[in-house]
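J.: Sharing a structure here in structure tokens format.
Residue numbers (my numbering), protein chains in the order written: chain A, 40 to 313; chain B, 1062 to 1482.
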């Protein structure tokens, strides 16, 4: 008569976006003087991070449409709050609205640059707050084409970098860098990242699996400038080249520097979500 | 009758208090209004003939759980969540409960925060899976599910104070809810029906004894720790044999005054979760009806293999050991099982697909007696609003000395079809 309580999967699998925002943040170019490509690559990543700093906090809504090879669609809807933490990873709170069976389920993440992230899941049926493992890196979310690590905080320290080349991307000129995940649990051998030279916005990421096959491509669009300084993408499309499935993530209702504080990013705050 | 009258009195009383408090704030503009919930159709089938004459083999019915949420611009909110279950085979299982009806206020004190919840609410404490040992604020809604996770709403004043140093909570609990039990023709019942009309209390104040609870919790890096205290009317009844008003043999529920110290801890390291719960309880009656102070614990852990065999699925293995210092005189706490020396092992398979398909299996084995139980669950979303839950609980064997020997033929299969809105 014992029960195994539900766990992360139901929601986490839904949590497709943990911190995609982290990679939406776009920033300015590195004037590569020293030609060591590793140094240039790191410089671009660091400068991009620096340009993204100082936003304080924001809230936004996310809609995700999962599409399989036959074109059948499935929808997810959630809200998130992000609080910038100086000198460390950000704190984020995700609240699920759809599908309705996981409504009010919430996920709290304290991301860290040097140590493992801390994650708590709120299960509304039992009103239970559960600390969960952050070890899952390569797992996919609910059949979505985003893996945990794609969503998770894209901290600079989690990769090593190499600048490859500049090339035209649309009307812009992009730098192309390769980044290699430090974590051996990553599902990727490497990623290629396209950023425009002027604003350092990410326009495309190519993911290569452990066998170095081109697995997925993520493209960014509908960039908007917030607080006169921060570029955030409004749409992200992940296409899986092996399965033909895709996931489109749309961001709306961005609000920056709103009147919430650290108390929403605690376990007490987690129990309060709606 | 006096009991159900009192229950109605406290329920309607708390609604009126809340309505009054909220109407004072009526000028405050509601900025967030949400109506959600779920309807569920359920069928529970017992393949074996019951141990007692007249017990039904099929229990069908439905559940309605709507939920209303109102929030004003200052972040104050009111939550109302009634619950209704209809069961065609056991009138005792047909029941209404106010799961939640509370006003939530919050604010800052310097760098710290406070939160006050006034009304009826549910509270969960603990970390383990095979039983919820430290969890004590709410009474169990046993007719809902024998697993002990369905709980009755509890009237309370709940004050939380939190800061960088952790979270401190105090609970004032002005009214006691008696546990729900199956009726004569229901399954999962004891040899005698429990007389719901007569509940006895150690305290002269009976169900109006003011109970007190408190908890401190904090996260220290990978360690999440909670210590708790409960002082008041036990949530676990001692069953006195006797007779009901009609002269039929029946059990009377007796609730003692107890004090419980609780500890819950979880270490989260890589793919491992290590868990511990422990209590020290005084004032409670043991199986023989004698007062006996005791300690009990449950500890163990779980490990998850992510993306197994190159798929999206995760596999989690769980193991926990349950111990009760009273040994053979132990009583069941939050489940029908007497967990005095019981090993739990389980596995959870999460497919991480579009439908969030999940399968769990749990096996509970009494190391000192012949009791063994197996539980299987299957969960899957059907569409954006419909989901299903299939569950099988198999009592492979029940020792004659176990209190729930009367339930030995009550293995069941249950199917739920849920509409979420």
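A virtual CB, placed ideally from N, CA and C, is assigned to each residue, including glycine.
What residues of chain A sit near residue 1368 of chain B, judged by a beta carbon separation below 7 Å?
T.: Near residue 1368 of chain B (Cβ distances below 7 Å), the residues of chain A are 177, 178.
J.: What in chain A is Cβ-close to residue 1200 of chain B, meaning under 7 Å?
T.: Those within 7 Å of residue 1200 of chain B in chain A number zero; the least Cβ separation is about 15 Å.
J.: Just to check my reading of the structure: residue 1120 of chain B and residue 1105 of chain B have Cβ atoms closer than 8 Å, yes? What is that Cβ distance to the nearest angstrom?
T.: That belief holds up - the Cβ atoms of residue 1120 of chain B and residue 1105 of chain B are roughly 4 Å apart, short of 8 Å.
J.: For residue 314 of chain A, which three-state DSSP category applies?
T.: Given that chain A is displayed from residue 40 to residue 313, the structure contains no residue 314 of chain A and the question cannot be resolved.
J.: Quick check: the Cα distance between residue 1261 of chain B and residue 1306 of chain B, rounded to an integer number of angstroms?
T.: Each residue's Cα considered, the two are about 14 Å apart.
J.: Within a Cβ cutoff of 6 Å, which residues of the same chain sit near residue 308 of chain A, ignoring the five residues on either side of it in sequence?
T.: If we look at residue 308 of chain A and ignore the five residues flanking it on each side, its Cβ neighbours are 302.
J.: Can you tell which of B:1311, B:1284, B:1313, B:1098 has its C-alpha closest to the C-alpha of residue 1331 of chain B?
T.: Among B:1311, B:1284, B:1313, B:1098, the Cα nearest to that of residue 1331 of chain B is on B:1284.
J.: Could you check the C-alpha separation between residue 278 of chain A and residue 1439 of chain B for me, to the nearest Å?
T.: Going from the Cα of residue 278 of chain A to the Cα of residue 1439 of chain B covers about 30 Å.
J.: Quick one: Cα of residue 1183 of chain B to Cα of residue 1467 of chain B, how far?
T.: Roughly 30 Å separates the two Cα atoms.
J.: So if I threshold CB-CB distances at 8 Å, which residues from the segment 1104-1123 of chain B count as touching chain A?
T.: Those residues of the segment 1104-1123 of chain B that come within reach of chain A (Cβ to Cβ, closer than 8 Å) do not exist; the list is empty.
J.: Would DSSP call residue 64 of chain A helix, strand or coil?
T.: Any reading at residue 64 of chain A needs caution, since the residue's pLDDT is 46, under 50, leaving its predicted position unreliable; the model's value is listed next. Coil.
J.: When we look at the beta-carbon of residue 1172 of chain B and count the other beta-carbons within 10 Å, is it buried (16 or more) or exposed?
T.: The residue is exposed, with fewer than 16 neighbouring Cβ atoms inside 10 Å.
J.: Write down the C-beta distance between residue 1187 of chain B and residue 1338 of chain B rounded to the nearest angstrom, noting that I regard them as a contact closer than 8 Å.
T.: Their Cβ separation, rounded to whole angstroms, is 6 Å, which keeps residue 1187 of chain B and residue 1338 of chain B in contact under 8 Å.
J.: Measure the Cβ-Cβ separation of residue 1342 of chain B and residue 1112 of chain B and say whether it is below 8 Å.
T.: For residue 1342 of chain B and residue 1112 of chain B, no; Cβs fall outside 8 Å.
J.: Alpha carbons only, please: which of A:177, A:202, A:244 is nearest the one belonging to residue 222 of chain A?
T.: Out of A:177, A:202, A:244, A:177 has the C-alpha closest to the C-alpha of residue 222 of chain A.
J.: Per DSSP, what kind of secondary structure is residue 23 of chain A in: helix, strand or coil?
T.: Since the first residue shown for chain A is 40 and the last is 313, residue 23 of chain A is missing from the structure and cannot be characterised.
J.: Run through the DSSP bridge pairs and tell me what residue 212 of chain A is partnered with.
T.: Residue 212 of chain A is bridged to A:207.
J.: Just the C-alpha distance for residue 271 of chain A and residue 163 of chain A, rounded to the nearest angstrom, thanks.
T.: Approximately 31 Å, taken between the alpha carbons.
J.: Establish whether the CB of residue 307 of chain A and some CB of chain B are separated by less than 8 Å.
T.: Judged by the 8 Å Cβ criterion, residue 307 of chain A is in contact with chain B.
J.: Taking beta-carbon pairs under 9 Å, can you tell me which members of the segment 93-109 of chain A lie near chain B?
T.: Under the 9 Å Cβ criterion, the segment 93-109 of chain A contributes 105, 107.
J.: Leaving aside the five residues before and after residue 286 of chain A along the sequence, list all residues of the same chain whose C-beta is less than 8 Å from its C-beta, in chain order.
T.: Around residue 286 of chain A: 55, 103, 104, 105, 106, 183, 184, 185, 276, 277.
J.: Can you find the residues in the same chain that come closer than 6 Å, C-beta to C-beta, to residue 1506 of chain B, ignoring five residues on each side of it along the sequence?
T.: The structure shown does not extend to residue 1506 of chain B, since chain B spans only 1062 to 1482, so no value can be given for it.
J.: Residue 277 of chain A lies in the beta strand (DSSP E); which residues open and close that run?
T.: Residues 274-279.
J.: Kindly indicate if chain B contains any beta-carbon less than 8 Å away from that of residue 137 of chain A.
T.: Residue 137 of chain A counts as touching chain B.
J.: Give me, in chain order, the residues of the same chain whose beta-carbon lies closer than 7 Å to that of residue 1212 of chain B; leave out the 5 immediate sequence neighbours on both sides.
T.: Around residue 1212 of chain B: 1183, 1199, 1200, 1201, 1202.
J.: Taking residue 1196 of chain B as part of the alpha helix (DSSP H), name the residues at either end of that continuous run.
T.: Residue 1196 of chain B -> no alpha helix (DSSP H), and no H or E assigned at all.
J.: Could you check what DSSP says for residue 1062 of chain B in three-state terms: helix, strand or coil?
T.: The pLDDT assigned to residue 1062 of chain B is 37, lower than 50, so where the model puts this residue is not dependable; a value taken from the coordinates is nonetheless given after this. Three-state result, residue 1062 of chain B: coil.
J.: Just checking, does the segment 1411-1424 of chain B make contact with the segment 1434-1450 of chain B on the three C-beta pairs under 8 Å criterion?
T.: At 8 Å Cβ cutoff, the stretches touch.
J.: Under the DSSP definition of a beta bridge, which residues are partnered with residue 1481 of chain B?
T.: Paired residues: B:1099.
J.: Tell me which residues share the same chain as residue 264 of chain A and place their Cβ nearer than 7 Å to its Cβ, disregarding the 5 neighbours each side in the sequence.
T.: Correct list, in chain order: 270.
J.: So what does DSSP say about residue 1468 of chain B, is it helix, strand or coil?
T.: Residue 1468 of chain B falls in the helix class under three-state DSSP.
J.: Just the C-alpha distance for residue 1460 of chain B and residue 257 of chain A, rounded to the nearest angstrom, thanks.
T.: So the alpha carbons of these two residues sit roughly 59 Å apart.
J.: Between residue 266 of chain A and residue 208 of chain A, what straight-line distance do the alpha-carbon atoms span, to the nearest angstrom?
T.: About 26 Å.
J.: I need the DSSP call for residue 1309 of chain B, collapsed to helix, strand or coil.
T.: In the structure shown, residue 1309 of chain B sits in coil (DSSP, three-state: anything other than H, G, I, E or B).
J.: Would you list, in chain order, the members of the segment 153-178 of chain A that have their beta-carbon closer than 9 Å to a beta-carbon of chain B?
T.: Listed by position along the chain: 154, 155, 157, 158, 159, 162, 164, 165, 166, 167, 168, 169, 170, 171, 172, 173, 174, 175, 176, 177, 178.
J.: Identify each residue in the segment 140-154 of chain A for which the Cβ-Cβ distance to at least one residue of chain B is less than 7 Å, and report them in chain order.
T.: Those residues of the segment 140-154 of chain A that come within reach of chain B (Cβ to Cβ, closer than 7 Å) are 140, 142.
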